[in-house]
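S.K.: Once you've had a glance at the structure underneath, I'll fire off some questions.
Residue numbers (the numbering used here): -3 to 137.
Next up, the structure:
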């Protein structure tokens, strides 16, 4: 169960509670962000909706993959002292961008991962993915 209520919380509400908690460790917050992003990827794959994607009346829902990328990037932004989790988040974000044909975005994420976290367990995979990307697009004039 992904979504719940305050009285009957499910995964999303529990992760948000941890992420926003002043008592949770940074590692627990980063792991919660990673799980949140992975679940958003699952929503996209299964074409499911969630209140997490709603922006309000009259506005289109958020793209779950874009929101997942946002969460993955926040791990690197807030918890870069946790190289393994930060690396995992950046790799997942890069894979999403690659699948979306946003290769320049994927390249930036992978380059950050390889340079900031050279000892992460995902660095080899990131390097291989980086080398497999098509050549960078020319900058706009």
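Backbone N, C-alpha and C define an ideal beta-carbon position, used for all residues, glycine too.
(1) Should residue 81 and residue 92 be called a contact, given that it needs their Cβ atoms to be closer than 8 Å?
(2) Which residues in the same chain as residue 27 place their Cβ atom closer than 7 Å to its Cβ, once the five residues preceding and following it in sequence are excluded?
(3) Buried or exposed: where does residue 53 fall if 16 or more other Cβ atoms within 10 Å of its Cβ makes it buried?
(4) Could you check the C-alpha separation between residue 126 and residue 33 for me, to the nearest Å?
(5) Roughly how far, in whole angstroms, is the beta-carbon of residue 29 from the beta-carbon of residue 67, given that I think they are within contact range, below 8 Å?
(6) In chain order, what residues of the same chain have a beta carbon less than 7 Å from the beta carbon of residue 117, not counting five sequence neighbours either side?
(7) If we ignore side chains and look at the alpha-carbon of each, how far apart do residue 114 and residue 77 end up?
(8) Given a cut-off of 8 Å, decide if residue 109 and residue 87 are closer than it, judged by their beta-carbon atoms.
M.R.: According to the data block:
(1) no
(2) 81
(3) exposed
(4) 21 Å
(5) 5 Å
(6) 80
(7) 13 Å
(8) yes
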